[in-house]
Amino acid sequence: MPKLLVKIALAGAFALGAGTAMAQSTIRIGLQDDIGSLDPARSSQVVDRMVLRSLCSSLVDIGPDLKFVPMLATAWSVSPDGKTWSFTLRQGVKFQNGEPFNASAVKANIDRARTLPASNRKSELASVDHVDVINDYSVNFVLKNPDSALIATLSDRAGMMLAPKSLANDADVAAHPVCSGPYQFVQRVQNDRVVLEKFAGYWEADKYPIQKVIYQPMPDSTVRLANVRSGSLDMLERLAPSDIKSVTSDNRFNFVSVDGLGYYSLTFNVGAHGPKALKDKRVRQAVELAIDRDAINQVIGAGIFSPANQPFSKSSSYYDSAIKTNKRDVVKAKALLKAAGYDKLDVTLTYGNSTASNQMAQLLQAMLSEAGVNLKLLPTDYAAALDAAHRGDFEMLYSGWSGRVDPDGNLHQFLTCKGNLNYGQYCNPQVDSLLDDARVKSGLADRKALYDAASQILADDDPIVYLYVQPWPYLLSKKVQGFVAYPDGLIRLRGMSIKG
Amino acid sequence: MLRLIANRILMAIPTLILVSMMIFGLQKMLPGDPVLAMAGEDQNPQVIATLRLKYHLDEPVPTQYLLWMKDLLHGNLGTSLRTDVPVTELIAQKLPVTLQLAVMGMIIAVGIGLPAGILAAANKGRMLDYGANILALSGMSIPNFWLGLILIFVVSVRWHLLPSSGYVAPSEDFWLSMKTMLMPAFVLGAALGAQLMRHTRSAMLSVLQADYIRTARAKGLLRATVVVKHAFRNALIPIITVLALLFGELLAGAVLTEQVFTIPGFGKLVVDAVFNRDYAVVQGVVLVTALSFTAANLLADVLYILLNPRLRHS
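Sequence order for the protein chains is A and B. Residues in the first sequence are numbered consecutively from 3, following the numbering used here. Residues in the second sequence are numbered consecutively from 16, following the numbering used here.
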């Protein structure tokens, strides 16, 4: 009996100790958008991935330099024909419900992501024919055709592993996801917060000093900033560029910004519903030449909108340094328009309405007017802009893409004839074959040669004008230490701590 | 009395049906496709097709409405297209939050508006009257999202007196809950208090000119007694009508206030739902809002009867 009492007292004291430690090491993170689904198979938003990165481990991860690093898989290799990928799995990993992580768990997860009707991962995993369990800790992905983007796919949501037992009741997966990441799910209040707490059984738990994480969606950037200023948040993602000046002069905060994997761009509708003028590449080139990317960076980006001239950012191994950014040249732009038979041109620009995109549209309008292009602005809400894009009901579209680690994700679906996101309906068989080949080739050098060739054609054809690299600007209270910004924008809590 | 209540409830049914039809139609007229908004950045065609089928979005609009109606009669408001959570569950989660905000806002509005209106009427044409009028005018003309942002900057960012956002349930921590809700409730209550003050003032003024008030004064009754006991009670009927109508404005104002203070209530739910074309959620929220507005007006009718003995016997 006394033993039991001692045990209870000890447990109580331990809980108390843990309680105080928790109070001191909670991080509150402000997110730009409301969180969608926390089921890795269903999720479709960047902010979902911000939460999932701490909740669920994936087979591999990326480093800040975009190189793949081991996570649940410790090693991997691909067969010479490119059709079998073998993974060696980490031993001794537990899911947050105590289940062991092993090869059959990988198979269960991949099979689910490939077959679930509402899965957003189906197209990412389309190349996978089946998964073979070799033994408890090795697994083979057998492909229908070589797919060099597979490893990148498995570093994101498609490679995130849920506890097999938790998959039994599908409706519960999003409501209470059980994974093997460093933090486990506690609570979600729709439109308000997602709370995670440290998973003591994580294989690298000592690298995560923070005990509790609270993600709070706050779509209004002014409100988000006010909450960091008042101390209600410890950090926020996507600080508005217009606020950069006021925070960099404030010594209570650290401001960090990194070039992302995505970009903002202008898409010309060269398809059936598009205006005749834009089908002429000289007109598209004239529009590009009328744009001053440095002015965009300074005026709207406050210095964080790195000018872009291709779909890959400089941090990518696939960045083609041979492509030169066109400097603004109004005289040449006018000459090109004239050669195409236009003195003046009226074009409509469709975009999702926000303070930032309105500023951008107005700046573009001013720059293009000097070259004789009269831009009519058509701001709509995001859902309506998306709908117009799908129906091909626009002339020029200003939009952004959050970017993918593998170059395929930034190009193939946008510019191949049947591409899913090819809103401008650009179609060039030569580009198609280059981009299709790059999908199946393995090896960086071989692939890069193909992407370089495609990029050269696209830079001249100009179906999409890349304006700037999507940045990931963060604001952190000085209390937050050890934060490293990654080009994918996700917040990795490894090594992060709260001081004081 | 019971018959009156029963009558009113019966009359509310066609109103609610009409409201639901209107909101259904209006939503379908909005440009934008919920499935595209749901499918996220990748816009996977397979996912789009599955979702369209699952939520009957491939059916004609009248069929969709009837399907929704059928579920409604079974007590089912559908599931959120975006999060797969039943709408009834979302409403049960959010309604108490907005009700707390609305009730606190109402208390503040009444606490400011009634005394200010009475004082202004009793002191018509004097400094107090002008002062109250200026205050009311500013209360009505300052947009509440702006007032909210200014208060956040002054009270939370500069003075660190109150939390700048979020929500704590009273059951979790009563005082913290009150503290968190105080600023949003004030923002919401200020505009309504201003309107209430104007209405109270004019209702009181017209009553104060009545013959029986002059008689009461002539009898030698104290001015305060006349104002509060004789005049105010009679002025209450129009004030209650206004209060019931203002309740609707309160719910509408909550939409903006919740955005500014990131309170996870009805307003935030419906705004996010509209932007994501989450039809089922918008429908559910509007229906419940219309229902509570009807209930508030029913309560006003009952209060008339309690306040006015003449109505009780007719």
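For every residue, glycine included, the Cβ atom is placed at its ideal position computed from N, Cα and C.
Between A/Ser182 and A/Phe97 a beta carbon distance of about 5 Å is seen, short of the 8 Å cut, so the two are scored as contacting. DSSP lists no beta-bridge partner residue for B/Val125. When secondary structure is reduced to three states using DSSP, A/Trp205 falls in the coil class, being assigned neither helix nor strand.
Scanning A/Leu61, A/Pro148 and A/Gly65 for the CA closest to the CA of A/Val80 turns up A/Pro148. With fewer than 16 other CB atoms across the displayed protein chains lying within 10 angstroms of its CB, A/Val71 is exposed. Among the residues of the stretch 42-71 of chain B, those with a Cβ less than 8 Å away from any Cβ of chain A are Leu45, Pro46, Gly47, Asp48, Pro49, Leu51, Ala52, Met53, Ala54, Gly55, Glu56, Asp57, Gln58, Asn59, Pro60, Gln61, Val62, Thr65, Leu66 and Lys69, in the order of the chain. Residue-level contact by beta carbon holds for B/Thr98 and chain A, with a gap shorter than 8 Å. Gln274, Val275, Thr277, Pro279, Lys283 and Leu284: these are the residues of the stretch 261-285 of chain B whose beta carbon lies less than 7 Å from some beta carbon of chain A, given in chain order.
At a cut-off of 8 Å between beta carbons, A/Arg55 makes no contact with chain B. For A/Tyr470, the enclosing beta strand (DSSP E) begins and ends at Ile466 to Ser479. The beta-carbon of B/Leu105 is placed less than 8 Å from the nearest beta-carbon of chain A. Along the stretch 142-193 of chain A, the beta strand (DSSP E) occurs as fully enclosed runs of 3 or more residues at 185-191, listed in sequence order. According to the DSSP assignment, A/Ser223 belongs to the alpha helix (DSSP H) that extends over Ser223 to Arg231. Counting along the chain, A/Met237 sits inside no alpha helix (DSSP H); it lies in the beta strand (DSSP E) bounded by residues Met237 to Glu239.
With at least 16 other beta carbons inside 10 angstroms of its own, A/Val215 counts as buried. If you compare the alpha carbons of A/Asp345, A/Arg114, A/Ser319 and A/Val95 with that of A/Phe201, the shortest gap goes to A/Val95.
The beta carbon of B/Ala124 sits closer than 6 Å to those of Gly204, Leu207, Gly208 and Leu211, all from its chain and outside the five residues before and after it, given in chain order. Cβ atoms of B/Ala218 and B/Ile254 come within 8 Å of each other, at about 6 Å. Between A/Leu235 and A/Gly32, the CB-CB gap stays under 8 Å. The Cβ-Cβ distance between B/Ser192 and B/Pro199 does not fall below 8 Å. The beta carbon of B/Gln79 sits no closer than 8 Å to any beta carbon of chain A. At least 8 Å separates the beta-carbon of A/Ile459 from that of A/Phe416.
With the criterion set as a beta carbon lying under 8 Å from some beta carbon of chain B, the members of the stretch 104-125 of chain A are Pro119, Ala120, Ser121, Asn122, Lys124 and Ser125, in sequence order.
For A/Leu423, the chain B residues whose Cβ falls inside 7 Å of its Cβ are Gln58, in order along the chain. Within the model, the alpha-carbon separation for A/Gly65 versus A/Asp138 is close to 27 Å.
Per DSSP, the beta-bridge partners of A/Val62 are A/Pro72. With a cut-off of 8 Å on Cβ pairs, the stretch 421-437 of chain A is in contact with the stretch 260-279 of chain A, counting three or more such pairs. Annotation for A/Glu199: the continuous beta strand (DSSP E) segment containing it runs Arg195 to Lys200. The alpha-carbon separation between B/Tyr294 and B/Glu273 amounts to approximately 20 Å.
Interface with chain B (8 Å Cβ-Cβ cutoff): A/Thr224 is included. When secondary structure is reduced to three states using DSSP, B/Ser35 falls in the helix class.
In this structure, A/Ser140 sits away from A/Phe103, with a CB-CB distance that is not shorter than 8 Å. In the pairwise beta carbon analysis, the stretch 351-368 of chain A is classified as not touching the stretch 490-500 of chain A: fewer than three pairs are separated by under 8 Å.
For B/Leu164, the chain A residues whose C-beta falls within less than 8 Å of its own C-beta are Thr224, Val225 and Ala228, listed in chain order. Not a single CB atom of chain B sits nearer than 8 Å to the CB of A/Val471. Bounds of any beta strand (DSSP E) do not take in A/Lys450; it lies within the alpha helix (DSSP H) bounded by Leu446 to Asp463.
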